[in-house]
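Participant: Structure in structure tokens, see below.
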């Protein structure tokens, strides 16, 4: 199923599999809030991102 949402004012189409627009909306909201607050979003299932994150004890040295 394809759904269309607005991202930065531009319509985009997303394939909706096991989740609905509710989750897509809140994911986009989370990313917008993170950008507004210069925050880092850590994705729980991203091995690529995880490799680049500083982890304890290196974080404190």
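Residue numbers (the numbering used here): 3 to 63. Glycine residues also receive a C-beta, built at the ideal position from the N, C-alpha and C atoms.
Relative to the C-alpha of residue 45, which residue among 58, 29 and 59 is closest?
Facilitator: Among 58, 29 and 59, the Cα nearest to that of residue 45 is on 29.
Participant: Quick test of your reading: residue 55 and residue 43, contact by CB under 8 Å. State the CB separation rounded to the nearest angstrom.
Facilitator: Contact flag wrong, Cβ pair sits at about 11 Å.
Participant: If we ignore side chains and look at the alpha-carbon of each, how far apart do residue 52 and residue 12 end up?
Facilitator: Rounded to the nearest angstrom, the two C-alpha atoms are 30 Å apart.
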